[in-house]
Structure formats: structure tokens, C-alpha cells
């Protein structure tokens, strides 16, 4: 195999560092999930609770570390990195946007009383 | 593998073949694109979950009330702890996997064996934990009744604590409702499993105890379930309730809308299947490492490829954890 020997120095130090970061993020998520601070639950940003935004951002942060450090995306060429990451981000963002918009619309239809559901 | 590429004598030219513009082997690149397509599949499921949740945004079950078990702590309300532990186990097995890949780069066979062993153990524990979560979810805890429109009504006392069906029901010892089985039928039909109590027994018990109230699926402004007054509770139970629900399956779910159960079974099931197949693939590679296949091949790239898959499984779990248990 034509292996790029450049990045073959030991990465053990970095691995444990990333593990530490991932653990801290998970612990913060769990603590926030258990105590649910009132001001984070009550504040809404773009029709979602601030707490949920924090969870999602922390999750994406974790995903970044897993992909970049553990899956070693940081060592791949720009072409491979972009063809995988940009494709995923574009398609997933689009999918989430259309499905959540549609879900919210259906919620409004139900709420508007056009359809009986609570019986 | 280079050996499979036919030499044309024009390798130094741009279109001469043997080029690796992305600087990775074919196998690794294909693993990346498989992961990309699998990530899109999971995104489809999770986005569909988001769609259903937005559709029922003010009546979706509260995850903390559904997943609040911890092994050996019976009756203790422990939301999140177990799933947090599972997350740690999976992240840690990812760490041992990346350590195995790192040891492979340095051709240290013994270390690869040890780290892959722990990765497999971690994966197996995770799958077992998920099975246990499923068991608790299927079995249910308090039980509830379902209305004609498919709404779930749960029982609480005046302080808002949940009350189980067996504390409510007044068992009618005279009534003898037996399960209809296929062998007794004129047609080859059988009915669904009978719940522990009939609707009449629940109604009788509920009417007798003045401290019982009904909790509906609808969420209040504070994000808690609405509790009806005693008069409304009685009215609701007598007018609308048609059946007893214990636990959850794909059709009925004592925790709320059946869609929640469907997505839970489907998404965690699909993820669990990935973990399971990851463990199997890990075992195969593990055996190959022990046999010295990669020592002879003089590179451990297979460990790296299966490592990519394993990290991907961890990556998906990070999202499933957020959207099912946190948000």
C-alpha cells in the first residue's frame, strides 16, 4: 500500500486529549439534561428552546472531534474531506429544513381545529 | 492494492493511471463514501423523527419519564444516567479502536490485539444495554388507558405522582374473560393479548378513589403534562377511554403517541444493528490480527477501515442520544 508515512508518528497523546474533551461535553450535556436550568428552558431562539440549541451545538462539536480526530479526517486531502463533509452537511441541512417546516405546518393545521384528534 | 493495477508505462503522466488524487487507497475511500451514504440514511430517519415531533410538538412524550431505569435500582427515578453510561462505553470503545489503529501504524501486533479486544467488549456491552432499554420500554411501568381517538390517559395522585394500574383496579373476581385463541375460533383468528385489567375494573377503582386524577398527553406552557380536575377526569375516563395499555409496541404505547415508540424501535434498532454488525466485523479482523495476516501483509489498513466504520457507529449514537434523550 502506498502509505503516506508522514502522519505515522504516535498520536496517543492527542487521542486521550480528545477522549477527555468528548467526556467533558457529554457530562455537561447530561448535567444540563437533568437540572434543566429554568432560564435556558424559558428562553426561545428561532422557535426552539435555548437549551435544545445548546444540546445540538454540543453534539455537532462532539461529531467534529470524532470525525476529525478519531476518523482522522484532518489528515485526509482537501478533496476527500470536502466531498464527504460538504455533501453531508448540504443534504442534511436541506432535509431538516424541509421536513421541520412541513411538520410545523401540519401542527398548525391540527391546532386550527380542521381535524378532530383529541377524543 | 498496487499489485492489482496494470502497469502501463505511463504512470508519470496525469492520465497514465496509478494516480491517487485523494491520497488514499480504494478501500478506504469507499469506506468513506459508504459512511457518507449511511449517514444520509440515518439523517433521513432522524429528520423524519423531527418531522413527527414538530407535528405533535405539544403532546410528545417526555423522554426523562420514559427512560428512567438503572440496573439494580428498582423504582428509583434515574433519568439519563443509564444512557449516559452507554454513551461513555461507546465513546471509550472508540478510543480503544483508535488506539488499535495507532498501534497498527507502528506494526505492534500485540497492542492491536489488546485494544481490539477491548473494543469488541465495549461494543457487546453496548448492544446488551440497548436490549435492556428495549425490555424496559416494552414492559412499561405504570400502564395507562387509551381513548377512542388514540390518546393516552395516565393516572396521577393529587401531588402529581404517577399511579400504576394495579393500585387502581378493583379486580372483579366474578367476571371471567378468557383469551380467545385460534383453536377455539370458527375462523382461524385470535385476539391480541389481554391486559392485566379490564376497562371496567379500572373505571370502578378510579371512581372509588377521590385522590386520583388523569394526566393527558398535552403539554402545558412549562413543558409538563396537563393534569385534569377530578370532575373532568371522571368525565374523560367514562366517556372516551376504551382500552387498557401496558408497555409499548408498534401500535400502542402507554407513554404517549405510538409514533414515539415506532421511531424509538426503528432508529435505536437500526443503530443497534450497526453496532452488532460492527462487533462481528471487528471480531473477524481481530482473528485476522491474531493469525498475523496483517503482519505478513506488512500493513494494518484493514484495522483502519473497520475503525472508520466503528467510529461512524459512535458518531451516529452521539446524534441519537441528543435527539431521543436530551432535546
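Chains as they are written, first to last, in the working numbering: chain L, 1015 to 1133; chain V, 4 to 330.
Every residue, glycine too, gets a C-beta built ideally from N, C-alpha and C.
It should be emphasised that the depicted structure is a prediction, and the values quoted were computed from it without experimental measurement.
Report, in whole angstroms, the separation of the C-beta atoms of residue 236 (chain V) and residue 216 (chain V), which I expect to be a contact under 8 Å.
Looking up residue 236 (chain V) in the second chain gives position 233. Looking up residue 216 (chain V) in the second chain gives position 213. Residue 236 (chain V) to residue 216 (chain V), Cβ: 5 Å. Contact.
How many Å lie between residue 54 (chain V) and residue 64 (chain V) at the Cα?
As a position in the second chain, residue 54 (chain V) is number 51, starting the count at 1. As a position in the second chain, residue 64 (chain V) is number 61, starting the count at 1. Approximately 15 Å between the Cα atoms of the pair.
Any beta carbon of chain L sitting closer than 7 Å to that of residue 154 (chain V)?
Position 151 of the second chain, counted from the first residue, corresponds to residue 154 (chain V). Chain L, which has a Cβ nearer than 7 Å to the Cβ of residue 154 (chain V), makes this yes.
With a cut-off of 8 Å on the beta carbons, I'd call residue 1039 (chain L) and residue 1082 (chain L) a contact; round off their distance for me.
Start at 1 with the first residue of the first chain, and residue 1039 (chain L) comes out as number 25. Start at 1 with the first residue of the first chain, and residue 1082 (chain L) comes out as number 68. At roughly 14 Å, the Cβ-Cβ gap does not stay under 8 Å, so residue 1039 (chain L) and residue 1082 (chain L) are not in contact.
Inside the segment 18-83 of chain V only - alpha helix (DSSP H) runs reaching at least 4 residues
29-58 and 66-69
Could you name the residues of chain V that residue 1026 (chain L) contacts, counting a contact when the two beta carbons are closer than 8 Å?
By 1-based counting over the first chain, the position of residue 1026 (chain L) is 12. The contacting residues are 102 and 105.
Beta carbon of residue 93 (chain V) nearer than 7 Å to that of residue 118 (chain V)
The count along the second chain starts at 1 and reaches residue 93 (chain V) at position 90. The count along the second chain starts at 1 and reaches residue 118 (chain V) at position 115. No. Outside cutoff.
Just checking: is the beta-carbon of residue 116 (chain V) within a distance shorter than 7 Å of some beta-carbon in chain L?
Within the second chain, the letter at position 113 stands for residue 116 (chain V). Residue 116 (chain V) does not count as touching chain L.
What would DSSP say about residue 228 (chain V), mapped onto helix, strand or coil?
Within the second chain, the letter at position 225 stands for residue 228 (chain V). Residue 228 (chain V) falls in the strand class under three-state DSSP.
Does DSSP classify residue 1131 (chain L) as helix, strand or coil?
Taking the first chain and counting its residues from 1, the one referred to as residue 1131 (chain L) is at position 117. Three-state DSSP puts residue 1131 (chain L) in coil, outside helix and strand.
Which residues DSSP lists as bridging residue 160 (chain V), in chain order:
Taking the second chain and counting its residues from 1, the one referred to as residue 160 (chain V) is at position 157. Answer is V:215.
Give the DSSP-derived three-state secondary structure of residue 245 (chain V) in the structure shown.
Here residue 245 (chain V) corresponds to residue number 242 of the second chain, with the count starting at 1. Note: residue 245 (chain V) maps to strand in three-state DSSP.
Have a look at residue 144 (chain V) and residue 285 (chain V) and give me their C-alpha separation to the nearest angstrom.
For the purposes of this step, residue 144 (chain V) is taken as residue 141 along the second chain, with counting starting at 1. For the purposes of this step, residue 285 (chain V) is taken as residue 282 along the second chain, with counting starting at 1. Rounded to whole angstroms, residue 144 (chain V) to residue 285 (chain V) spans 36 Å at the Cα level.
Step through the CB atoms of chain V and report whether any lies within less than 7 Å of the CB of residue 1111 (chain L).
Residue numbering aside, residue 1111 (chain L) sits at position 97 when the first chain is read from its first letter. False, the Cβ-Cβ gap to chain V never drops below 7 Å.
Strictly under 7 Å for the Cβ-Cβ distance: is residue 151 (chain V) near chain L by that measure?
Translated into positions along the second chain, residue 151 (chain V) becomes position 148. Cβ-Cβ to chain L under 7 Å: yes for residue 151 (chain V).
Interface flag, residue 46 (chain V) vs chain L, CB-CB below 7 Å
Here the question's residue 46 (chain V) lines up with position 43 in the second chain. Cβ-Cβ to chain L under 7 Å: yes for residue 46 (chain V).
Can at least three beta-carbon pairs, one atom from the segment 1027-1046 of chain L and one from the segment 1083-1092 of chain L, be found at a separation below 8 Å?
yes
Near residue 71 (chain V), what residues of its chain come up, given a Cβ to Cβ distance below 7 Å and the 5 sequence neighbours on each side ignored?
The residue labelled residue 71 (chain V) in the question sits at position 68 within the second chain. Excluding residues within five positions, the ones whose Cβ falls inside 7 Å are 80, 81 and 82.
Can you confirm whether the segment 20-40 of chain V touches the segment 182-199 of chain V when touching is taken to mean that 3 or more C-beta pairs between the two stretches lie within less than 8 Å?
no
Under 7 Å from the C-beta of residue 39 (chain V): neighbouring residues of chain L
One-based indexing of the second chain puts residue 39 (chain V) at position 36. Within 7 Å Cβ-Cβ: 1098, 1101 and 1102.
With DSSP as the reference, label residue 1063 (chain L) as helix, strand or coil.
Numbered from its first residue, the first chain carries residue 1063 (chain L) at position 49. Strand.
Residue 148 (chain V) and residue 247 (chain V) - do their beta-carbons sit closer together than 7 Å?
Here residue 247 (chain V) refers to the residue found at position 244 of the second chain. Here residue 148 (chain V) refers to the residue found at position 145 of the second chain. Result yes, Cβ atoms of residue 247 (chain V) and residue 148 (chain V) sit closer than 7 Å.
Alpha carbons only, please: which of V:84, V:52 and V:138 is nearest the one belonging to residue 1114 (chain L)?
Translated into positions along the first chain, residue 1114 (chain L) becomes position 100. Of V:84, V:52 and V:138, the residue nearest in Cα terms is V:52.
At least one CB of chain L closer than 7 Å to the CB of residue 97 (chain V): is that the case?
On the second chain, position 94 is the one that residue 97 (chain V) refers to. So yes, residue 97 (chain V) belongs to the interface.
To the nearest angstrom, how far is the alpha carbon of residue 125 (chain V) from that of residue 95 (chain V)?
Counting from 1 along the second chain, the entry for residue 125 (chain V) is found at position 122. Counting from 1 along the second chain, the entry for residue 95 (chain V) is found at position 92. Going by the C-alpha atoms only, they are around 8 Å apart.
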